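Working notes, beginning with the structure itself.
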Amino acid sequence: MINMDFSNKVVIVTGAGAGIGKGIARVFARAGAKVVVNDINKKTGNVIAEEINAGGGEAIFVHGDVSKPSVGIRMAQIAWKKFGALHTLVNNAGIFVLKGLLDTTPAEWDKTMAVDLRGIYCCSRPAAPLIEKSGGGAIINIASVHYRSTLAGFAAYAAAKGGVVGATRSIALELAPRGVRMNALCPGFTETEIYTQWLNTFPNPKKKDAECRKLQPSGKLSQPEDIGYAALFLASDLGKMITGTTLIVDGGLTARLYQD
Ligand SMILES: NC(=O)c1ccc[n+]([C@@H]2O[C@H](COP(=O)([O-])OP(=O)(O)OC[C@H]3O[C@@H](n4cnc5c(N)ncnc54)[C@H](O)[C@@H]3O)[C@@H](O)[C@H]2O)c1
């Protein structure tokens, strides 16, 4: 029988107060998982944990910045103490600087690397031994299509996401004998605040949005929960032979060679 039931499973989702992370947390909760919701934003993180609990699921909110080692340790400890196990970590929290090489300050470059790349190290390190202790499981790193094709003005973001994919391969090899899989999940255009923030950098955001939709072979953008379904698959037993790889979830955006 094919099993997508996560009712005895525990998942940590970082940056789950908004956007893709919120979609991922909702999908795992609907599959029955107990969810540790993390976010740097106390208000939005609490709201999603409360929403899951009110809907009959089980969730706990852990506030903190994923680029701090103490936060990764605290999340893993809370998952263990509250739910007695840990099976899945979704490293989703991410930021991006909407500036090119010439305008990005050293502090902005470092912050992007800290949240998008170091965050994966800080959260995976304490989580992996607990996943092993729980009988095995998976870590999913939310990277981006920018790891392979990008645009001018995305240097720090593309570098960080490329780093995530590189680290994913090496860590997957290291953790495979311990029963812990690691994969990178690479979304394309997904309707979230980061997307809106980027649209708002253009003089006519509506026009830019229409152009982005035109680039999608289906004309549709991904919704946060679409990324959640792919994460659930990678975390499930259906993905048990999938490790050290990248799964692009972009509706065909990067399959196209050029646009007429
Ligand atoms: N939206 C897209 O089109 C898109 C495409 C490809 C990849 N991604 C990636 O998906 C992930 C989620 O993006 P999103 O679009 O949902 O963004 P978003 O801005 O809508 O949400 C990000 C969430 O992460 C939280 N966060 C930010 N910094 C944090 C930190 N240091 N510690 C903990 N939480 C933090 C924010 O408070 C927010 O709740 C990111 O890694 C992003 O790079 C997004």
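Here the sequence shown is numbered in this note's numbering, starting from -1 and rising by one per residue.
Where is the CB? At the ideal position from N, CA and C, for every residue including glycine.
Model, not experiment: these values are computed from the prediction.
Among the options, the one whose alpha carbon lies nearest that of residue i
i           : options             : result
residue 2   : 246, 252 and 237    : 237
residue 189 : 205, 106, 210 and 9 : 210
residue 185 : 193, 136 and 241    : 193
residue 147 : 24, 252 and 5       : 252
residue 151 : 196, 180 and 74     : 196
residue 47  : 65, 64, 129 and 26  : 26
residue 36  : 256, 168 and 10     : 10
residue 254 : 219, 214 and 156    : 214
7 Å CB neighbourhood of residue i in its chain, flanking five on each side removed
i           : result
residue 71  : 124
residue 165 : 118
residue 134 : 177 and 178
Reduced DSSP category for residue i - H, G, I as helix; E, B as strand; rest coil
i           : result
residue 4   : coil
residue 129 : helix
residue 151 : coil
residue 59  : strand
residue 18  : helix
Own chain, CB closer than 8 Å to residue i, minus 5 neighbours either side, in chain order
i           : result
residue 183 : 138, 139, 140, 141, 225, 228, 229, 232, 244, 245 and 247
residue 21  : 221, 222, 223, 224, 225 and 226
residue 180 : 122, 136, 137, 138, 139, 166, 169, 170, 173, 241 and 242
Element boundaries [beta strand (DSSP E), containing residue i]
i           : result
residue 32  : 32 to 37
residue 232 : Here residue 232 belongs to no beta strand (DSSP E); instead the alpha helix (DSSP H) covers 222 to 233.
Neighbourhood of residue i by C-beta, 6 Å cutoff - its chain only, sequence neighbours within 5 removed
i           : result
residue 158 : 110, 111, 114 and 115
residue 89  : 12, 118, 121 and 139
heavy atom of ligand 2 below 7 Å from residue i C-beta
i          : result
residue 19 : By its list of ligands, the structure shown excludes ligand 2, since it contains just ligand 1.
Below-8 Å beta-carbon distance, residue i vs any chain D residue
i           : result
residue 104 : Considering every chain present, this structure includes no chain D. It has just one protein chain.
Element boundaries [alpha helix (DSSP H), containing residue i]
i           : result
residue 213 : 203 to 213
residue 70  : 67 to 81
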